[in-house]
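Student:
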């Protein structure tokens, strides 16, 4: 399971989180997207069709691709355990990317890492 603690700052105590029970669908492949998520607690499975692409843990981000390319969701995200997620709107994301170069770099590294894993898995 992947975990990246560099996004933990987005999960502070004063930030409103959304909860999903184990087995709950967070979003489906093809859904329209207007936010990404940071995992505050719990675990999330990312699937394309019936194939698991990755499983993510606390402080990892997911759903970022749809904010970057304005396309529908490319995968389905499901709670493996009870999960608390912090949503980051497109407006917040664009602000963070433009004002915090380190944040932008971390997002690019996450995308690159996931593309490499996907290439190995499905290539």
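Residue numbers (UniProt numbering): 1 to 123.
Positions of the beta carbon are idealized from the N, C-alpha and C atoms, including for glycine.
1. At which residues does the beta strand (DSSP E) containing residue 26 begin and terminate?
2. With distances taken from CA atoms, which of 22, 17, 108, 67 is nearest residue 81?
3. Taking a contact to mean a Cβ-Cβ separation below 8 Å, would you say residue 62 touches residue 79 in this structure?
4. Exposed or buried, what is residue 110 when buried is set at 16 or more other beta-carbons lying within 10 Å of its beta-carbon?
5. Distance, Cα to Cα, residue 19 vs residue 120?
6. So, helix, strand or coil for residue 5, using DSSP?
7. Would DSSP call residue 73 helix, strand or coil?
8. Residue 129 and residue 36 look like a contact to me (Cβ under 8 Å); what is the Cβ gap, rounded to whole Å?
9. In whole angstroms, what is the alpha-carbon distance linking residue 90 and residue 104?
10. Quick one: what's got a C-beta closer than 6 Å to residue 33's C-beta in the same chain, skipping five residues either side?
Tutor: On the basis of the supplied data:
1. Segment 25-27, the beta strand (DSSP E) holding residue 26.
2. If we check each option's Cα against that of residue 81, 22 comes out closest.
3. No, the Cβ-Cβ distance between residue 62 and residue 79 is not below 8 Å.
4. Residue burial is scored here from C-beta neighbours: residue 110 has at least 16 other C-beta atoms within 10 angstroms and is therefore classed as buried.
5. Answer to the nearest angstrom: the Cα atoms are 32 Å apart.
6. Its pLDDT being 45, under 50, residue 5 is placed unreliably by the model, and the measurement read from it follows with that caveat. It is helical.
7. The answer is coil: DSSP assigns residue 73 none of H, G, I, E or B.
8. A query on residue 129 cannot be resolved here, the shown segment of the chain reaching from 1 to 123 and no further.
9. Their Cα atoms are separated by approximately 13 Å.
10. Hits under 6 Å: 66, 73.
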